[in-house]
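A.B. asks: Below is a structure I'd like to ask you about.
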Amino acid sequence: MSEPSGTSGTDASGDSGTPEAADAAGPPPSPGFGNYQNDIYLNGLDGNVPPFTTDLTMLGSSAREHLDSGAFGYVAGAAGSGATHRANREAFERHRLVPRMLRGPAARDLRTTVLGTRMPAPVLLAPVGVQSIIHPDGELATARAAASVGLPMVLSTASSHTVEQVAEANGPDSPRWFQLYWPNDDDVCVSILERARKAGFTTLVVTLDTWTLAWRPQDLDQSYLPFIRGVGTAIPFSDPAFRAGLEKPPEDELIPAVLRWVPMFTGTDHSWDQLPFLREHWDGPIVLKGVLHPDDARKAADAGMDGVVVSNHGGRQVDGAIASLDALPAVVEAVGDRVEVLFDSGVRTGSDVLKALALGARAVLVGRPYAYGLAHGGEDGVLHVLRSLLADLDLTLGLSGHRTLADLSPDSLQSGV
């Protein structure tokens with residue numbers, strides 16, 4: 127797979143990649159992501175085609191061919207009837223971009239900074255756990271691909287590899303955030319947070335909506351749960367505070383370790399008055415993921431949190447819940463500029479990203495598409511998905527008559543169609 131175009135000093139607008147320019151304008155100049163289209167067409171002259179489809183809405187179907195039934199069901203599945211999963215996509219269909227014409231120079235700039243993290247585009251890799259069931263390299267492959275395009279990776283607590291291993295794969299200068307499934311053991315929680323900070327993870331993303339697992343028929347029908355098999359447990363099983371509570375280490379006796387960990391991060395919800403504990407033990411930005419109600423967003427702001435992610439966990443937790451995109455405008459209105467509002471759930475295309483940004487999100491998190499890319503081809507598969515999404519985003523931004531993220535607003539859309 128060829129390397130990204132336009133990454134060596136000049137972006138689509140011709141801006142030089144000097145430190146002075148970066149200091150003056152924020153993040154380093156964004157590469158011409160749309161040039162991936164040119165690479166694909168030019169490679170076709172030699173008879174080469176992309177390793178798999180560039181239509182990211184179709185990846186789920188083809189990923190099934192690369193995964194066993196348990197792994198595919200876990201990645202693709204949803205809570206209950208799947209109504210929330212479907213609602214996420216239907217919400218995007220109800221919002222349509224209204225292209226504008228004759229808007230002047232065609233150069234685009236996708237750069238942004240969110241909670242101190244400079245990124246070339248408003249896209250983060252959402253926390254996806256147990257990635258070794260998708261590909262043996264799991265999170266290591268994802269970390270390397272994210273670094274190749276400069277996008278921040280959000281590492282799940284349920285990683286198949288340790289925070290230290292993923293940080294090494296991601297590289298010393300790559301942006302990375304850490305997602306916390308909040309353990310009900312304070313010593314273990316603090317130890318994990320300290321390790322993440324030491325490994326260069328700058329922002330903490332606390333998932334609120336998965337304090338216990340939802341009713342997920344695709345997993346239940348196959349009796350498939352990776353955690354009870356010791357998969358997705360690399361972070362706690364390598365943690366000294368967790369291991370201190372075991373008679374024997376997990377590598378010698380797996381079941382007692384599993385029985386200690388699973389109830390430690392599921393089955394007990396936390397409360398708003400416990401948030402100061404996280405602030406005490408994390409000195410960077412803290413974001414709460416899973417916020418759908420504007421009152422919860424206000425509570426997050428009142429509690430001194432730095433951001434929220436409007437998310438229904440990709441439809442995996444509450445069947446029949448509101449679509450994340452439908453919840454987004456009210457959350458944005460509720461908090462104003464008090465906290466950063468990010469978006470997650472259902473993003474598949476460049477136009478999806480633009481719609482979420484137009485409705486007020488500062489950036490979006492993308493999950494299943496890159497997981498499917500991982501299934502297709504490991505690191506190269508993730509890279510292909512990310513480059514395809516970024517190219518689609520770049521081209522669609524320009525073709526809809528916009529040049530920068532600041533140009534986007536609800537007026538860019540026709541909603542309710």
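So the sequence shown is numbered by my numbering: it starts at 127 and just counts up by one. For each residue, glycine too, the CB sits at the ideal point set by N, CA and C.
#1: Relative to the C-alpha of V332, which candidate in A426, M227 and D165 has its C-alpha closest?
#2: Helix, strand or coil: how does DSSP classify Q305 here?
#3: Entirely within the region 278 to 330 and at least 4 residues each: give me those alpha helix (DSSP H) ranges in chain order.
#4: What does a CB cutoff of less than 7 Å around A429 pick up in its chain, not counting 5 residues either side in sequence?
#5: By DSSP, does G93 sit in helix, in strand, or in coil?
#6: Report the option in V465, Q163, D365 and K374 whose CA atom is closest to the CA atom of V435.
#7: Comparing alpha-carbon positions, which option in P278, Y307 and L306 lies nearest A293?
#8: Taking all protein chains shown into account, do 16 or more other C-beta atoms lie within 10 angstroms of the C-beta of D263, making it buried, or fewer, making it exposed?
#9: Would you call P375 buried or exposed, if buried means 16 or more other Cβ atoms sit within 10 Å of its Cβ?
#10: Can you tell me the Cβ-Cβ gap for L519 and L236, rounded? I've got them flagged as a contact below 8 Å.
#11: Hey, T283 and L306: beta-carbon distance below 8 Å or not?
#12: Give every residue of the same chain whose Cβ lies closer than 7 Å to the Cβ of L531, excluding the five residues on either side of it in the sequence, and list them in chain order.
#13: Grab the span of the beta strand (DSSP E) containing S541 for me, first residue to last.
#14: Between which two residues does the beta strand (DSSP E) holding F469 run?
#15: Please state whether the Cβ-Cβ distance between A501 and I354 is less than 8 Å.
#16: Could you spell out where the beta strand (DSSP E) holding A489 opens and where it closes?
#17: Per the DSSP calculation, T530 is bridged to which residue(s)?
#18: Could you have a look at R244 and say whether DSSP puts it in helix, strand or coil?
#19: Is it true that the CB of V314 sits closer than 8 Å to the CB of P362?
#20: Confirm, please, whether the CB-CB distance from P455 to D432 is below 8 Å.
#21: Tell me whether G393 sits in a helix, a strand or coil according to DSSP, three-state version.
#22: As a quick exercise: from A233, K415 and A367, pick the residue whose alpha carbon is nearest that of V467.
#23: Among Y167, L182, D445 and L223, which one has its Cα closest to the Cα of V508?
#24: On the DSSP bridge list, what partners appear for I260?
#25: Indicate the three-state DSSP secondary structure (helix, strand or coil) for G152 in the structure shown.
#26: Name the one or two DSSP bridge partners that I412 has.
#27: Please look up how many angstroms separate the CB atoms of S477 and N214, rounded, as I've assumed it's under 8 Å.
#28: What does DSSP give as the partner residue(s) for G433 in the beta ladder?
#29: If you run the structure through DSSP and keep just helix, strand and coil, what is H221?
#30: With H, G and I counted as helix, E and B as strand and the rest as coil, what does DSSP make of V461?
#31: Taking all protein chains shown into account, do 16 or more other C-beta atoms lie within 10 angstroms of the C-beta of P498, making it buried, or fewer, making it exposed?
#32: Ends of the beta strand (DSSP E) at V107?
C.D. replies: Answer, in terms of the structure:
#1: If we check each option's Cα against that of V332, A426 comes out closest.
#2: In the three-state DSSP reduction, Q305 falls in the strand class (E or B).
#3: Those alpha helix (DSSP H) runs which fall completely within the region 278 to 330 and span 4+ residues are 289 to 296 and 312 to 324.
#4: Around A429: W398 and L401.
#5: Outside the shown range of the chain (127 to 543) lies residue 93, about which nothing can therefore be said.
#6: The shortest C-alpha to C-alpha distance from V435 to any of V465, Q163, D365 and K374 is the one to V465.
#7: Comparing alpha-carbon positions, the option among P278, Y307 and L306 lying closest to A293 turns out to be P278.
#8: Buried: at least 16 other Cβ atoms inside 10 Å.
#9: With a threshold of 16 other beta carbon atoms within 10 Å, P375 falls short and is exposed.
#10: 7 Å between Cβ atoms; contact.
#11: Cβ distance < 8 Å, so T283 and L306 count as in contact.
#12: Residues of the same chain with a CB within less than 7 Å of the CB of L531, apart from the 5 flanking positions on each side, are L236, T238, P248 and L483 in chain order.
#13: Membership of S541 in the beta strand (DSSP E) is indicated by the continuous run L539 to S541.
#14: Element bounds for F469: E466 to D470.
#15: Between A501 and I354, the CB-CB gap reaches or exceeds 8 Å.
#16: From DSSP, the beta strand (DSSP E) with A489 extends over A489 to V492.
#17: By DSSP's assignment, T530 forms a beta bridge with D235.
#18: In this structure, DSSP gives R244 an extended state, which the three-state scheme calls strand.
#19: Cβ atoms of P362 and V314: closer than 8 Å.
#20: No, the pair does not count as a contact, with Cβ atoms beyond the cut-off.
#21: Coil, per DSSP.
#22: The shortest C-alpha separation from V467 is found at K415.
#23: Comparing alpha carbon positions, the residue from Y167, L182, D445 and L223 closest to V508 is L182.
#24: I260 is not bridged to any residue.
#25: Note on G152: pLDDT 45, under 50, position unreliable in the model; no value is reported.
#26: Looking at the DSSP assignment, I412 forms a beta bridge with L330.
#27: Taking a contact as a CB-CB distance under 8 Å, the pair S477 and N214 does not count as one, their CB atoms being some 14 Å apart.
#28: V413 and E466.
#29: Here H221 sits in strand by DSSP.
#30: The answer is helix: DSSP assigns V461 an H, G or I state.
#31: The residue asked about is misnamed: residue 498 is Tyr in this sequence, not Pro. Its Cβ being crowded by 16 or more others within 10 Å, Y498 is buried.
#32: Residue 107 is absent from the structure shown; the chain starts at 127 and stops at 543.
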